[in-house]
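Numbering (our numbering), first residue to last: 2 to 115.
Below, the structure is given as structure tokens:
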């Protein structure tokens, strides 16, 4: 079955940076489009970035220019480099295929606060 394991979250001050990682198994990773999603308290889960198997990327307007998604097919891993973090980026971050499968990992908490 699909397994997704996210890591790299934590507490960071506004303006800081953080790098998230997600390792996938149970899927044809190199053929799959992958996405990073986030869910803030009281809000619906939303897609923030995605990367196709061709490595073409797309970003939500709220993170464009600040976040960078990348992938390493040899490691079945997708990354999210986050810079210039804002308090409104606080959320649990998840990776999944794009479109999302029914299988979600535990996510990783990112808290942006002074």
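Where a beta carbon is used, it is the ideal one built from N, C-alpha and C, also for glycine.
If you scan the stretch 6-68 from start to end, which runs of the beta strand (DSSP E) of 3 or more residues do you find wholly inside it?
11-13, 19-26, 35-40, 47-52 and 58-60
Going straight from the alpha carbon of residue 113 to that of residue 40, what length do you get?
14 Å
CB-CB under 6 Å to residue 82, same chain, minus the five flanking residues each way: which ones, in chain order?
20 and 69
Grab the span of the beta strand (DSSP E) containing residue 95 for me, first residue to last.
92-98
How many Å lie between residue 71 and residue 59 at the Cα?
11 Å
Could you tell me whether the stretch 7-17 touches the stretch 52-66, using the rule of 3 or more Cβ pairs below 8 Å?
no
Per-residue burial, residue 33 [other beta carbons within 10 Å of its own, 16 or more giving buried]:
buried
Residue 38 versus residue 97 - alpha carbon distance
8 Å
Does any residue of chain C bring its CB to less than 8 Å from the CB of residue 2?
The structure shown contains no chain C; it holds only a single protein chain.
Hey, residue 61 and residue 49: beta-carbon distance below 8 Å or not?
yes
According to the neighbour-count rule (16 or more other Cβ atoms, all chains shown, within 10 Å of its Cβ), is residue 64 buried or exposed?
buried
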